[in-house]
Structure formats: C-alpha cells, structure tokens
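Undergrad: Residue numbers (my numbering), protein chains in the order written: chain A, -16 to 432; chain B, 11 to 260. Glycine residues also receive a C-beta, built at the ideal position from the N, C-alpha and C atoms. Only a predicted model underlies this, so the values are computations on that prediction, with no experimental measurement involved. Below you will find the structure I want to go over with you.
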C-alpha cells in the first residue's frame, strides 16, 4: 500500500497561501511569473529535511510564522533605517540603498556605461530586460527563489554596456528595519554585455535581534568575454531567517569572481546557481562564514558546465563554527555530456572551535562527459595543533594565536577580492568577530573563576 | 642558563620513551652543540624545552635561569627568553609576515610588562635585521613562510630570533635543507648574537654547520641520553668515525 503523504500546512505556509491573492493584485508586473512561482511553492510547501536540496536546513521548522511582507517605508522609517553605519559605506561609485526591500535612495550617478532602473519602476512601467528575470533554468523550481519571484517588491535592473570598463563598484545596501519582524523580497538583475568589466557589491544589514525574513535574489547574465566581480556581505539581524540566491549565466570566456561573507543571522542560506553557458568561462565562487551562539548557516551551490570547452570552476568555502552553531555546505558540480575539458575543483573546509559546533558537508559531482578533471574536498576539524604551537613558541598567547589562525583560514577565501579597500573592510569585520569571541571567552573565564 | 636535570620524556598517549634521564647544562655565553644519529631524541629534546604538548615529562626538570619552565605554556617560555628555531617552520596563509612579527614581538613585550613597540620603531628594527640576513622586503609582505624555499624559511627563523632577542636559543637542525650560502647567512645571524649574555644550543646531524658556528662544547646524544661531552674537536671526530661507537655505548 502506498499513500502520498501530504503534511499538514504549517502556520507559515497557510499564511503565505492566504496572503498571496491580495498581494498579487497589489504587487506590480510579471503576474504570470509570480503565479507560476507561487504555484511551485504551494505544491511543495516550505522545504524540510526530506527535500534533498534542503537536507540540513529545515526551513519549515525555522520559519514557524510568516512575517508580513514589508510595505514601502515612510520618510521617518527610512531615516531610522539608514542612520546606522554601513561597513561598506563610501565604497561604491554609485550606491543604491534599500529599506525593507524598497529602493529609497541613490548616492552618486551611475558610472559610464551603466544604467540602473529601480525594479518597482521597471515592473510598473515596463523594461526591455524584464523578460530576463528568472530565465536561468538551472535555478527554476528552487523554493527560496520561487518565493522571491512570487513576492518581489523592488530591487534594480542594472545594464552594463558592451566593452564598458566600469570604474568603481556598483554598491547595493539593503537594510531590514522596523519595530516588528518583516519579510522582504528584493530582486536584482544585472545584464553585462560582451567585453564589459564590472564589480557588484551587495550588503545586507539588519538591525537588532528581530526575526526578520529577508529573501533576496541577484541574477547576473554575463555576456561573452565579460569580467564580473561580485561581493556579498551578510550582516542580518541576529534573529533573522535570511535567504539569498545568486544566479549567474556565464557566456563564452567570461570570468566571474563571487565572494560571500556571512556573519550574522539566526538561520541563513546563501545559494549560488552558476551555469557555464558559453565555452571556456571561468568562475571562482567563495564563501567565508563565521558562526557563533546557535547560528545556522547554509551555503548551497550548483555549478553546471554546459558548453565545450567546459571551462574552469573553482569553489572555496571556509567556515568557522563556534559554540552550538552549525554550518552547512552543499556543493554540486554538474558536467553535461558535451562539456568536455571541464576543470572543476571544489573545496569546503571547516574549523570547529567548540565541542557543540557542527558542520555538514555534502559535495557532489555529476559528470556526464569523459574528458574532464573534477575534484572535491571537504574537511572538518579543530585548529592545527602544530601551527598553534609554532605561534605560541613565539610568545603569542593561545587566544591570539587562535585568532591569527582563524583570520588566516577564512582570509584565504576573502583574498580573492581584487578591490583592496573592500577586502580590508571584510578582514576588519573578521577581526571584529574575533574580538567579540575573545570578549566572550574572557567573560566565560571570569564567570568560572 | 639552561639546566636540564635527569629528563625522562615519553610520547603522550603512548608508551614510547624517548628521553631517558638526560642531563645537560648550557652556560651563559656558551654555544653548545648536540650531535647524534637519527632517532636519538634530539628534536624531541628541543620540543620539550619549548613546551610542545605532544610529550609527557615523566621525571626531571628543565631550569631556565633557575626557574623550572616545564609547567609554563609555550608563550610564557618564549617571554622568559627562550627561542626555538624550527627544523620545519610552519606556513600561515593569509597572515603577512610583518603582521606576525609585530604580534610576536608585542605579545612578548606585553608578557614582560613592557610597552608595545611603535610602528616606526618596529619597522626600523625589522628592516635592520632583514638587511643583515639578506631578506628582501617583499618577502616580509608575503604571508609567513608561504611559498618560501627551505633556505628562506630558515632565514625567517633567524630573523625572528634576532627580533625577539631571546637569551637562550635552540636551533633544531637549522642546517638541514640549506645550501652553503644560506648556511653562511644563518651562521652569521647566530654569530652576530654571540656574547656573554646569550647562549645557544645547536642541534645538528653534521659537522658542517659547526664550521661556521664554532661551538664551545659538543655533546653526543644517543638513545635519549648525553653519552659524551667534549670540545669542538669532538665534532670532527664524529664526522670521521660516525656514531657507531656511541650507539652501542648507550
């Protein structure tokens, strides 16, 4: 006897299903895309551990309630939200600020060769690139992205002209703020025409400890021979359940470097879907994650080599897990039958700093071509005792030696960022994290004595 | 300066005894050499003095200027004036050599109750020592020991020794993997610090290093003990006859 098990809808699922018809009528544009995406979600529900792609992150359990979708903030709310210091302030040649998923300010004009349209404006008034939203098949059906598509409120469409060598980063700052927890759904599409070079920087900042539910999606379509640098900083509110997706469709001979630095948020999941659509593309996709307390952070990656020559992908994910926190890495490299000469190498390395820390590594290779070089490595362990001894033998205290080693370990993933000031800022945030850890350890030592 | 008394050491978690009642004194101003065959416990001795946690001292003591250092953590031993030049220096990707040097120098100063070095003072000291040892400046900006050749790593050890100004330095097979030019530079780094206030314990397989660092005393080590002590001529004798006599004597 077999019976299809239909779990009871959770409170969050019921709320989302109840809410959608009214929101659909109120949200601008792409009605059928929203409906299709919502249907995908409604059929599956919030993913649990039974869904292979979410094996280690039970979103249904993490999101017991569906926070209401944020409405466009008023001037006073915007002022409060943007008051705090952004670590990446001043780094963008142009900086777009978003509060609760809505574009509220732009500082600086777009650099030469770049045009930027707020997504809400594009959705209402139409835009020639709208049809490119959600076009990457590799990511279709993903539940986090589906929810973003169904509820997307605002964001940006960025166009980079052919052969433009864009000066300075295009920066997007997202702040989640408010007296009560809200859900946000911002969407950014960047189309980079052939031969252009551009850097895109996104930072996600949440204030306080509220359980905000930001869900952001960035889509990059990189034309032939373009060079794209991408940096993402996750500094969500400490209670946040935050989802983020990056999709990349890579043309022939493109180069993509993407570094995600994840620091705060109760439950976070950053997903990357990258497709090598043109031959001989290159991608370096990195993650640096530092976790403490009971944080849970998931990095999930699908890279598809779908052209010949298959190109070169490199993935380096470094995770530091302290206290009772848990880290997740799921990485899959798919090599399609015709994607000969693919060279893929994926590494996930984690350091556990406490007895209660946990790391789940799930690397996968799906190779359908016969002339490829693919490898993956996953490691998980404590800090290297030999190196600790070496540093201590130079007079460096144990705490300081550990801090140096942690900085060195995650720094390896951050150091792929060419932009020196931004790289230094991210190293500085790692040092802040280490100082907070040192303070916790000192406080703990005082409590014991 | 360094007074090792009846030291018995085994590998922690194992029954393997490595040092069997080793007794050795190194006086202020002295350069002492330890020579011995593979597996005689030379590197273990250097690690135990520096405080590596993989070993268990079952008996004996190690005194540095009269203070038993065996209960001290490795960083406290370093601050007390002990330095170990590693046979295989470790690489630290992502940490610039300058950052590491500053952390080490200031950590020791802090433990000794001294003020931290100002940045100009620090840079001046590093540049001076680097010049003496023929270390190019770009090496100092690179991550510590990453991609360095064997000789460069050893030179970096001597640079650290020069900057940290220990009173007691132990060189663990510093000559291994060095060509003659590198060997000379390393020896010059040691000789520059030879004076009545400092002492050295030079561990080596071969007499070659001792052509450049003239020892006051040579100890022969075999099976975890010092089996013979003599002057510089003992090293020449060993070079001629090998360790055969001492392996059976122990």
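Would you call the region 396 to 410 of chain A in contact with the region 109 to 119 of chain B, where contact means no fewer than 3 C-beta pairs closer than 8 Å?
TA: Output reads no: the region 109 to 119 of chain B does not touch the region 396 to 410 of chain A.
Undergrad: In terms of residue numbering, what span does the alpha helix (DSSP H) encompassing residue 187/B cover?
TA: What you label residue 187/B is simply residue 177 of the second chain in a count that begins at 1. Premise fails: residue 187/B is in no alpha helix (DSSP H) and is neither H nor E.
Undergrad: Under 7 Å Cβ to Cβ from residue 52/B, same chain only, skipping five residues before and after it: list those, please.
TA: Within the second chain, residue 52/B is the residue found at index 42, counting from 1. The residues are 44, 46, 213 and 231.
Undergrad: Is residue 135/A close to the ligand HEM? I mean its beta-carbon at under 6 Å from any heavy atom of the ligand.
TA: Within the structure as shown, the ligand HEM is missing, as the structure has no ligands at all.
Undergrad: In the DSSP assignment, what are the bridge partners of residue 103/B?
TA: Sequence index remark: in the second chain, residue 103/B carries index 93 (1-based). DSSP lists no partner for residue 103/B.
Undergrad: Just checking, does the region 93 to 108 of chain B make contact with the region 348 to 357 of chain A on the three C-beta pairs under 8 Å criterion?
TA: Counting Cβ pairs under 8 Å, fewer than three are found: no touch.
Undergrad: Who are the neighbours of residue 97/B on chain A, taking C-beta pairs under 9 Å?
TA: On the second chain, position 87 is the one that residue 97/B refers to. Result: empty, since nearest Cβ-Cβ is about 12 Å, beyond 9 Å.
Undergrad: Specify the secondary structure class of residue 387/A as computed by DSSP and reduced to three states.
TA: Indexing the first chain from 1 puts residue 387/A at position 404. Reduced to three states, the DSSP call for residue 387/A is helix.
Undergrad: Can you find a C-beta in chain A that's less than 7 Å from the C-beta of residue 59/B?
TA: Residue 59/B sits at position 49 when you count from the first residue of the second chain. Taking Cβ atoms only, chain A never reaches closer than 7 Å to residue 59/B, which makes this a no.
Undergrad: Are the C-beta of residue 118/A and some C-beta of chain E separated by less than 7 Å?
TA: In the structure shown, chain E does not exist; the protein chains are A and B.
Undergrad: Between the alpha carbons of residue 341/A and residue 307/A, how many angstroms are there, rounded?
TA: Your numbering for residue 341/A matches position 358 in the first chain. Your numbering for residue 307/A matches position 324 in the first chain. Spanning the two alpha carbons is a distance of roughly 7 Å.
Undergrad: According to DSSP, is residue 146/A helix, strand or coil?
TA: Position 163 of the first chain, counted from the first residue, corresponds to residue 146/A. Coil, per DSSP.
Undergrad: What residues in its chain sit with their C-beta under 6 Å from that of residue -7/A, if we drop five residues either side in the sequence?
TA: For the purposes of this step, residue -7/A is taken as residue 10 along the first chain, with counting starting at 1. Correct list, in chain order: 43.
Undergrad: Keeping to the same chain, check which residues put their C-beta closer than 7 Å to that of residue 83/A; ignore five residues upstream and five downstream.
TA: As a first step, residue 83/A is located in the first chain; it is residue number 100 there, counting from the start. Contacts found: 53, 56, 159, 160, 161, 165 and 167.
Undergrad: For the beta strand (DSSP E) that residue 67/B lies in, which residues bound it at each end?
TA: Numbered from its first residue, the second chain carries residue 67/B at position 57. Where residue 67/B is concerned, the enclosing beta strand (DSSP E) stretches over 65 to 74.
Undergrad: May I ask which residues mark the beginning and end of the alpha helix (DSSP H) holding residue 149/B?
TA: By 1-based counting over the second chain, the position of residue 149/B is 139. Looking at the DSSP string, the run of the alpha helix (DSSP H) that includes residue 149/B is 147 to 151.
Undergrad: Would you say residue 395/A lies against chain B (beta-carbon separation less than 7 Å)?
TA: By one-based count along the first chain, residue 395/A stands at place 412. Yes, because at least one Cβ of chain B sits closer than 7 Å to the Cβ of residue 395/A.
Undergrad: Under 9 Å Cβ-Cβ, which residues of chain A neighbour residue 121/B?
TA: The residue you call residue 121/B lines up with position 111 of the second chain. In chain order: 378 and 380.
Undergrad: So which of 191/A, 150/A, 237/A and 215/A has the shortest CA-CA distance to residue 223/A?
TA: Position 240 of the first chain, counting from 1, holds the residue named residue 223/A. The candidate whose alpha carbon is nearest that of residue 223/A is 191/A.
Undergrad: From residue 58/A to residue 169/A, what does the alpha carbon distance come to, in whole angstroms?
TA: Taking the first residue of the first chain as 1, we reach residue 58/A at position 75. Taking the first residue of the first chain as 1, we reach residue 169/A at position 186. Each residue's Cα considered, the two are about 19 Å apart.
Undergrad: Is it right to say residue 432/A is buried, meaning 16 or more other beta carbons lie within 10 angstroms of its own, or is it exposed?
TA: Taking the first chain and counting its residues from 1, the one referred to as residue 432/A is at position 449. Note on residue 432/A: pLDDT 39, under 50, position unreliable in the model; the coordinate value appears next. The residue in question, residue 432/A, is exposed, as its Cβ has fewer than 16 Cβ neighbours within 10 Å.
Undergrad: Spatial neighbours of residue 240/B within its chain, please: CB distance less than 7 Å, with the 5 preceding and 5 following residues excluded, ordered by chain position.
TA: Locating residue 240/B in the second chain gives position 230, where the first residue counts as 1. Closer than 7 Å at the Cβ level, and outside the excluded window around residue 240/B, lie 228.
Undergrad: Confirm, please, whether the CB-CB distance from residue 399/A to residue 244/A is below 7 Å.
TA: If you number the first chain from 1, residue 244/A lands on position 261. If you number the first chain from 1, residue 399/A lands on position 416. No.
Undergrad: Tell me which residues of the region 79 to 108 of chain B have at least one Cβ-Cβ distance to chain A shorter than 7 Å, keeping chain order.
TA: Result list: 83, 84, 85, 88, 89, 94, 96, 100, 102, 103, 104 and 105.
Undergrad: Name the chain A residues that come within less than 7 Å of residue 62/B, Cβ to Cβ?
TA: The residue you call residue 62/B lines up with position 52 of the second chain. Within chain A, the residues near residue 62/B are 372.
Undergrad: Using a Cβ-Cβ cut-off of less than 8 Å, list which residues of the region 190 to 207 of chain A approach chain B; keep chain order.
TA: Within the region 190 to 207 of chain A, no residue has a Cβ that lies closer than 8 Å to any Cβ of chain B.
Undergrad: Should residue -9/A be flagged as near chain B, meaning a C-beta pair shorter than 7 Å?
TA: Locating residue -9/A in the first chain gives position 8, counting from the first residue. It does not: the Cβ of residue -9/A has no partner Cβ on chain B nearer than 7 Å.
Undergrad: Based on the DSSP secondary-structure assignment, which residues constitute the bridge partners of residue 121/B?
TA: Here residue 121/B is taken as the residue at index 111 of the second chain, counted from 1. DSSP, once it has assigned bridges, lists no residue as partnering residue 121/B.
Undergrad: Here's the rule: buried if 16 or more other CB atoms are within 10 angstroms of the residue's CB, otherwise exposed. What is residue 259/B?
TA: Residue numbering aside, residue 259/B sits at position 249 when the second chain is read from its first letter. In this predicted model, residue 259/B has a pLDDT of only 46, less than 50, meaning its place in the structure is not dependable; the value taken from the coordinates is given anyway. That one is exposed.
Undergrad: Ignoring anything shorter than 3 residues, give me the beta strand (DSSP E) runs that lie fully in the region 153 to 231 of chain A, in order along the chain.
TA: As far as the region 153 to 231 of chain A is concerned, its whole beta strand (DSSP E) runs of at least 3 residues are 153 to 159, 169 to 175, 180 to 189, 196 to 205 and 210 to 218.
Undergrad: Does any CB atom of chain A fall closer than 7 Å to the CB of residue 114/B?
TA: By 1-based counting over the second chain, the position of residue 114/B is 104. With 7 Å as the cut-off, residue 114/B counts as an interface residue toward chain A.
Undergrad: Name the chain A residues whose beta carbon is nearer than 8 Å to that of residue 27/B?
TA: Here the question's residue 27/B lines up with position 17 in the second chain. Per Cβ cutoff of 8 Å: no residues; residue 27/B is ~21 Å from chain A at best.
Undergrad: When you compare the CB of residue 391/A with every CB in chain B, is at least one pair closer than 7 Å?
TA: The sequence position of residue 391/A within the first chain is 408, counting from 1. Cβ-Cβ to chain B under 7 Å: yes for residue 391/A.
Undergrad: Considering Cα atoms alone, identify which of 239/A, 209/A and 378/A is closest to residue 295/A.
TA: Indexing the first chain from 1 puts residue 295/A at position 312. Minimum Cα distance to residue 295/A is reached at 239/A.
Undergrad: Enumerate in chain order the residues of its own chain whose CB-to-CB distance from residue 138/A is below 7 Å, with the five nearest sequence positions on each side excluded.
TA: Start at 1 with the first residue of the first chain, and residue 138/A comes out as number 155. Only 102, 169, 170 and 171 meet the Cβ criterion.
Undergrad: Could you check whether residue 184/A and residue 214/A sit closer than 7 Å to each other, using their CB atoms as the reference points?
TA: The residue you call residue 214/A lines up with position 231 of the first chain. The residue you call residue 184/A lines up with position 201 of the first chain. Cβ atoms of residue 214/A and residue 184/A: closer than 7 Å.
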